[in-house]
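Here's the structure, in C-alpha cells; my notes come after.
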Amino acid sequence: MPSVFQLSGDTIRYFDIAAAARGHAVDLAALPYVIRVLWENLGRSQQWGLPVADAEIGAVAQWRERTGADLPLRVARVILPDSSGLPVLQDLAALRDAVAQQGGDPATVNTRLPVDLIVDHSLQVDHWGSDQAAAGNLAREFERNAERYRFLKWAQQAFQGLRVFPPGTGIIHQVNLEHIAPVVARAERDGETWAYPDFVIGGDSHTPMVNALGVLGWGVGGIDAEAALLGQAYTFPVPEVVGVRLTGKIAAPAVTTDAALLITETLRRANVAGCMVEFFGPAIAGLSVPERATIANMSPEYGATCGFFPVDAGTLAYLRHTDRSAGQTALIEAYCRANSLLREPGSPDPTYSRVIEIDLSAARPSVAGPRRPQDRMPIGRVPADFAERLPLPLKEGGFGVDPARGAGPLRHGSVVLAAITSCTNTSNPAVMLAAGLVAQKAVARGLKPAAWVKTSLAPGSRVVTGYLRDAGLLPALEALGFHVIGYGCTTCGGKSGPLAEGVPQAIESGELVAAAVLSGNRNFEGRIHKLIRANYITSPPMVVAYALAGRIDLDLETEPLGADAGGAPVYLRDVWPTPEEIAALLPLAQNREAFLRIYAGDAGEDESRLWRQMQAPEGLRFPWDPDSHYLIEPPFFKQAGDGDALTRLAKQLRGARVLAAFGDSLTTDHISPGGEIPQDSPAGRYLMDAGIAPRDFNTYVARRCNFEVMTRATFANIRVKNLLVPEVEGGVTRHFPDGARMSIFDASRAYEAEGVGTLVLAGKEYGTGSSRDWAAKGSALLGVRAVIAESFERIHRANLIGMGILPLAFLPGQGWRQFGLTGAEIYTVSGVEQALRQGTPVRVVAEGGQGRLEFEAVPQVLTQAERELLADGGIPAQVLRHFLAEGAQAHA
C-alpha cells in the first residue's frame with residue numbers, strides 16, 4: 011500500500027522507499043540516492059499495476075550484486091532540442107502514415123507523456139560585434155529554417171502533450187534548470203493524487219545538467235526518446251554507482267569551470283564510463299546549484315551516465331529564486347523529506363561501488379584541449395604543449411605542420427574565435443559576472459582584441475543578459491566585441507559561422523593551425539569550425555583574456571595580455587576579479603521577478619512575433635512536400651521487413667567487407683558532423699545537384715530531416731581519419747577487392763549493388779560525444795550491419811541496436827590493429843542468433859592477404875529488451891508492429 015503525507019489540506023500518496031527497504035532487509039541509509047530514485051520508479055509502477063516483476067525490484071534492492079540486470083523504468087517526461095527533436099517528430103509523422111497505409115488508425119500514434127522541445131540548435135553566428143547582431147542572426151535563422159519551424163508548429167497541434175519553446179528562449183539545459191524541471195511531479199490516478207521524483211531523458215547528451223537539482227536524467231539518442239514518448243518502458247541495466255567525495259573549496263583565481271575540468275580529467279582517468287556518479291562530501295554545501303550544474307553538465311565528458319547531486323537546502327534555495335511557485339517548492343521539500351530523498355546536514359554517507367576523492371582546492375586556472383574536453387592543463391603549460399604538437403604527426407596527437415610557417419600577423423596559435431557560449435557555463439552567474447568584470451577592467455586599461463578575433467556572447471537564457479545589464483557589465487563586454495548574438499548553442503554545437511574577413515584565406519594559404527577558445531563542453535576535431543584545428547575549453551573570463559591576447563601560445567601567468575595607452579604591460583592578474591567583487595554582484599542573478607518576467611513570454615518580442623506570424627499546416631497527418639529538401643519522409647518504416655531480423659542480419663554478415671576502420675575515441679561528431687556542409691562533400695554535391703546554392707546549404711543539423719543529406723554526411727567529417735586511407739583526412743575509403751579510393755557513401759552504394767554487407771572496425775570508446783541518433787541512422791542507411799570495436803560509448807551503443815546494427819567488442823587486450831588486420835579482408839560472423847539468445851560470443855573469421863584469422867567477439871547487447879529489439883530489426887520495425895497490433899486488438 012502507498013504511504014501518504016498532508017500538504018495544504020491535500021492527501022498525497024507516494025511509494026515509500028524506506029518501507030520498501032525494510033521489507034527487503036536493506037539499510038536505507040546505505041543506499042545511494044540514485045538507487046532510491048530507481049527503486050521508487052519500479053515500486054510505484056508496480057503499485058500502479060504496470061508490468062514490473064518482484065525479481066526486478068529485487069535486482070535494484072541488491073544493486074551491488076545485480077549490476078547489469080534489466081530495469082523497466084517509466085520516464086516522467088522527455089526533453090528535446092530541435093536538432094534531435096525534429097527527426098523524432100518526423101519519425102512519428104511517418105509512423106502515422108505507415109500505420110494508416112497498413113489499415114491502422116493513425117490517431118493511435120501519439121505522445122503518451124509530456125514532451126518539451128526547445129529550439130536552440132539552429133542559431134548561427136552570421137553577425138557579431140554590433141548591436142544589431144542578435145536581430146540579424148534571428149532574421150537569418152527564421153529565413154533558413156522556416157520550413158522546419160512550420161513543421162514544429164504543425165507538430166505542436168498534432169501531438170498531445172508536446173510543448174514547443176520557440177527560438178530565442180534559451181539553451182535547452184539551462185531552460186530545463188531554470189524553468190521546466192518540476193523536481194517532484196504530481197499525477198492523478200484513480201481519483202488520488204500521487205507525488206514522485208521527476209525522471210527525464212533528453213535527446214541531448216548534456217541532459218545530466220539537471221542532476222544539479224536532484225533530478226535524475228541523462229541523454230539518450232532520439233531513437234530511445236522516440237520509444238519512451240510512445241509509452242514504452244525504458245529498459246536500463248542496474249548501474250555501478252560511483253561516489254565522488256568532494257572536499258576543499260575552489261580557491262581564487264580558479265573558478266567553477268576549472269573545478270569542473272579537474273573533475274572531468276580525474277573521473278575520465280578513473281574510468282567511470284557507463285556508471286552513475288553521485289557527488290557527496292563536505293564541499294557540496296558550499297556549491298550553489300549553478301556551480302553543481304557546471305559539474306553535472308560535464309557528465310558525458312567524464313563518461314558517466316549522470317552526475318547526481320541529491321536535493322538539499324541549496325536546491326530549495328535555488329528553486330525559490332527562480333520562477334517555481336511557492337506551492338511547488340513546498341511539495342518538493344515535503345515529498346523529499348517524507349520519502350528519504352532530502353539530504354540533510356549530518357546525514358550518513360551512502361555506500362557506493364567505489365569512492366573517488368577530489369579536493370576542489372587543487373583546481374587551477376586551466377584549459378582543456380586542443381581536441382578533447384578531458385585533456386586539461388594549467389594555463390602556464392599551454393604554450394609548450396602547443397609548440398610540441400605542431401610538428402608531431404597526426405597519429406601521435408600532433409598537427410603535422412612546419413612550426414616556422416606563418417610569419418605575418420596571423421600565425422600558428424592565433425586565436426581567431428573566442429566565444430562565451432554553451433549551457434555549461436552560461437548557467438553559472440559567478441563565471442559570467444567574472445567575464446564581465448574582466449572586460450570592464452580591460453576596457454579601463456584600454457585593451458581590445460585584435461581584428462582577426464571573432465568574439466561572441468550567446469547566453470543560455472535571457473536571465474543572463476538581464477543580470478549582466480543590471481550589473482553594468484554589458485557595455486564593457488560589447489566594447490570588446492562580446493555583443494549578445496542570440497540565445498542558442500551556436501559555437502559549442504558547430505554553428506560558429508564565418509570567421510573575420512581575410513582570416514580563412516590566411517589560414518588556408520599559410521596552412522596555419524589557428525585556435526578557438528570557448529566556454530563550452532565539446533572541442534572535438536572539426537566541430538567548432540572546419541578551419542580551426544586547435545580548440546580549447548575554458549571559463550568565460552578566460553575566454554575574454556585569450557581574446558585580448560589574440561594567441562593561445564602565451565603564458566598568461568607570466569606574459570602580458572597587451573599594453574595600455576601609456577605602453578605599460580597589462581597582465582591577467584591586473585584584470586582578474588576578486589571573489590569579493592563577484593560575490594557583490596551575485597544577488598542581481600537571484601531576482602525572482604526577472605525569472606517570472608522572462609519565462610512568462612518564453613522568448614523575446616521579436617522571436618515571439620516571428621513565431622506567431624508563421625503559418626503552418628493543421629490536421630492529424632503531415633502533408634509532405636515532394637519538392638522539399640528539408641523535410642523528406644524518412645524510409646525507416648517503409649524498410650521495416652517481415653520475418654526474423656536476426657536471420658537476415660546473420661546472412662548479411664557472411665562475406666562482409668569493411669566500409670571503414672578507425673582508431674580510438676571516434677566521436678559521433680566524426681560519424682555524423684553537425685556543422686557547415688562543404689561544397690565538395692557528397693552532401694554538398696547532392697544539394698547543388700538539387701539547385702541549392704552553397705549560401706543556402708545551412709548546416710548538417712538543420713538538414714537532419716533529409717535522410718539523403720544525412721546518409722551522405724555519415725563518416726564525412728572533414729577531420730575523420732579512416733585508417734583504410736591513412737594518408738588523408740575526411741570521408742574517403744577504399745572499395746574492395748579492387749582497392750579503388752572513393753567516398754564512403756559511394757563505396758556503400760557499390761557494396762549494396764554487389765549484394766555485399768559491410769561492417770566497421772574501431773578501437774576504444776567508439777561513439778563518444780553527443781547523443782546523435784543520426785550517427786546510428788546514417789550507419790544503417792549506409793548498409794553497416796555490425797561494428798567491431800574495443801569498447802563503446804553507452805548512448806551510441808544503444809542507438810546502434812535501435813537501428814538494427816550489431817555492436818561487437820573484441821576480447822580484452824585484443825583489437826583489429828593488434829591482430830594485424832588491414833580491413834581488406836572478407837569477414838564472416840557466425841553464431842549471431844545463438845550468441846544473442848544465450849549470451850555467448852560470436853566467431854569472426856577474417857580471410858585475406860594475411861591468411862585466415864579467427865577470433866571471438868562479444869555482443870554488446872546488455873538487456874533482454876535490447877535482444878528483443880535487435881531480433882525485431884530495430885525500433886522502427888518494433889514500434890510499427892506494436893501500433894498495428896494495438897489497433898488490431900482494439901478492433902477485435
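Numbering (my numbering), first residue to last: 11 to 902. Quick reminder that beta carbons are idealized off the backbone N, C-alpha and C, glycines included.
Got a sec, what are the start and stop residues for the beta strand (DSSP E) residue i sits in?
| i | result |
| --- | --- |
| Thr-245 | 244-247 |
| Ser-840 | 836-840 |
| Asn-545 | 542-547 |
| Asp-80 | 80-83 |
Identify the continuous alpha helix (DSSP H) that holds residue i and give its terminal residues.
| i | result |
| --- | --- |
| Gly-53 | 43-57 |
| Gln-662 | 655-662 |
| His-183 | 182-185 |
| Glu-590 | 589-595 |
| Glu-198 | No alpha helix (DSSP H) holds Glu-198; the beta strand (DSSP E) holding it covers 194-199. |
| Glu-569 | Neither: Glu-569 is in no alpha helix (DSSP H) and is coded neither H nor E. |
| Trp-621 | 615-623 |
| Cys-346 | 336-348 |
| Leu-60 | No alpha helix (DSSP H) contains Leu-60, which DSSP labels as neither H nor E. |
| Met-752 | Here Met-752 belongs to no alpha helix (DSSP H); instead the beta strand (DSSP E) covers 750-753. |
| Arg-853 | Looking at the DSSP string, Arg-853 is not in any alpha helix (DSSP H); the run it does join, the beta strand (DSSP E), is 852-858. |
Please classify residue i as buried or exposed, where buried requires at least 16 other C-beta atoms within 10 Å of its C-beta.
| i | result |
| --- | --- |
| Gly-33 | exposed |
| Thr-21 | exposed |
| Gly-231 | buried |
| Val-731 | The sequence given here has Lys at residue 731, not Val. Under this definition Lys-731 is a buried residue. |
| Gln-384 | buried |
| Thr-568 | exposed |
| Gly-379 | buried |
| Arg-302 | buried |
| Pro-97 | buried |
| Pro-597 | exposed |
| Asn-533 | buried |
Kindly list the residues whose CB is nearer than 8 Å to the CB of residue i, restricted to its own chain and excluding five residues on each side of it in sequence; keep chain order.
| i | result |
| --- | --- |
| Pro-514 | Pro-508, Leu-541 |
| Val-109 | Asp-115, Pro-116, Thr-118, Val-119, Leu-890, Phe-893, Leu-894, Gly-897 |
| Ile-702 | His-639 |
| Gln-683 | The question names Gln, yet the displayed sequence has Pro at residue 683. Same-chain partners within the cutoff: Gly-504, Gly-536, Arg-537, Tyr-710, Ala-723, Ala-726, Asn-727, Ile-728. |
| Asp-565 | Ile-389, Gly-390, Val-392, Pro-393 |
| Gln-166 | Leu-172, Arg-173, Val-174 |
Quick one: residues in its chain with C-beta nearer than 6 Å to the C-beta of residue i, no 5 flanking neighbours on either side, listed in chain order?
| i | result |
| --- | --- |
| Thr-276 | Ile-368 |
| Ala-559 | Leu-571 |
| Gly-812 | Ile-233, Gly-884, Ile-885 |
| Tyr-244 | Leu-83, Val-85, Ala-238 |
Kindly indicate if chain C contains any beta-carbon less than 8 Å away from that of residue i.
| i | result |
| --- | --- |
| Ala-445 | The structure shown contains no chain C; it is built from a single protein chain. |
With respect to 7 Å, is the separation between the Cβ of residue i and the closest non-hydrogen atom of the ligand COA below this value?
| i | result |
| --- | --- |
| Leu-831 | The model depicted lacks the ligand COA and carries no ligand whatsoever. |
Report the CB separation of residue i from residue j in whole angstroms; it is logged as a contact under 8 Å.
| i | j | result |
| --- | --- | --- |
| Ala-143 | Ile-495 | 5 Å |
| Asn-221 | Gly-317 | 5 Å |
| Pro-42 | Val-251 | 5 Å |
| Thr-332 | Glu-188 | 5 Å |
| Ile-815 | Phe-717 | Actually they are not in contact, since the Cβ atoms of Ile-815 and Phe-717 sit about 16 Å apart, beyond 8 Å. |
| Leu-818 | Val-742 | The pair is not a contact, with the Cβ atoms about 25 Å apart (cut-off 8 Å). |
By DSSP, does residue i sit in helix, in strand, or in coil?
| i | result |
| --- | --- |
| Ala-575 | coil |
| Tyr-497 | coil |
| Trp-826 | coil |
| Thr-121 | coil |
| His-680 | helix |
| Ala-875 | helix |
| Pro-176 | coil |
| Gln-689 | coil |
| Gln-16 | strand |
| Lys-464 | strand |
| Met-387 | strand |
| Ala-610 | helix |
| Val-441 | helix |
| Leu-519 | One point to set straight first is that residue 519 is Ser, not Leu, in the sequence displayed. Helix at Ser-519. |
| Val-766 | coil |
| Leu-821 | coil |
Using C-beta distances below 7 Å, list every residue in its chain close to residue i, excluding the 5 sequence neighbours before and after it, in chain order.
| i | result |
| --- | --- |
| Asn-51 | Leu-83, Arg-84, Phe-209 |
| Glu-775 | Asp-674, Ser-675, Ser-801, Glu-803 |
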